[in-house]
Structure formats: structure tokens, C-alpha cells
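Peer 1:
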Amino acid sequence: MFYDVTMKQIQLSDCRRGMRARIQACNLNEEQAIRIGEMGLRPGDTVEILLSSHLFGQVIAHGSERLAIDRKTARSIVVNVLSPTLKTL
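According to my numbering, the sequence shown is numbered sequentially starting from 41.
#1: What runs of the alpha helix (DSSP H), each 4 residues or longer, lie entirely inside the stretch 50-108?
#2: Beta-carbon within less than 6 Å of G97's beta-carbon, same chain only, minus the 5 sequence neighbours each way: which residues are those?
#3: The alpha helix (DSSP H) with K112 in it runs from where to where?
#4: Between the C-alpha atoms of V121 and Q64, what's the straight-line distance to the nearest angstrom?
#5: How about H102 and V87: do their beta carbons lie closer than 7 Å?
#6: Leaving out the 5 sequence neighbours to the left and right, which residues in its chain are closer than 6 Å to I74 when beta-carbon positions are compared?
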């Protein structure tokens, strides 16, 4: 096993539990963008994935807040993975 510490740009929906990521871009329609803005999420913010479900979406930590994001919206948010991810050979 080894740690891959390269910064990868992926969709938030592809992040797994325990990962930390920085929001790079949000490819959202106006309604979704307003909703995400009201939640306090903006490009440059760092989040941690607390729960990841391929069916329902993500629960993330953003500062002291815990936010649930549906799968469709999570697919529209591009992030850079910050924390090392464990990979097997």
C-alpha cells in the first residue's frame, strides 16, 4: 500500500468518506447556485466528506457546519482532493 498525495481534480460525488477537498468550481444552474451559496459553499472553501452514498449524495463538514448535498448537485461541484488517499497495489 502507498499514499497518493497528488492533487486530483474530481467531482464532489466521487469523493469518499474521510477525504478533504477544496472546491474549485460549481457548474450549477441558477437555482442550485443560489442554494449552494445560501449553504455558505464557495470556490476555495475546504470540506471534509463525512458520508458518501452512490445513491443519495454526500454529507460534508464545512467549518463547524454539517451539510447534506444530493447526488445531482455533488456531481456539479468540482474539487481538488487535499488529503492523501489510501490505495492498494
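Glycine included, each C-beta is placed from N, C-alpha and C at the ideal position.
Peer 2: In terms of the structure at hand:
#1: Every alpha helix (DSSP H) stretch that sits fully inside the stretch 50-108 and reaches 4 residues is listed by chain position as 70-79.
#2: I109, D110, R111 and A114
#3: R111 to R115
#4: 10 Å
#5: Yes, the Cβ-Cβ distance between H102 and V87 is below 7 Å.
#6: none
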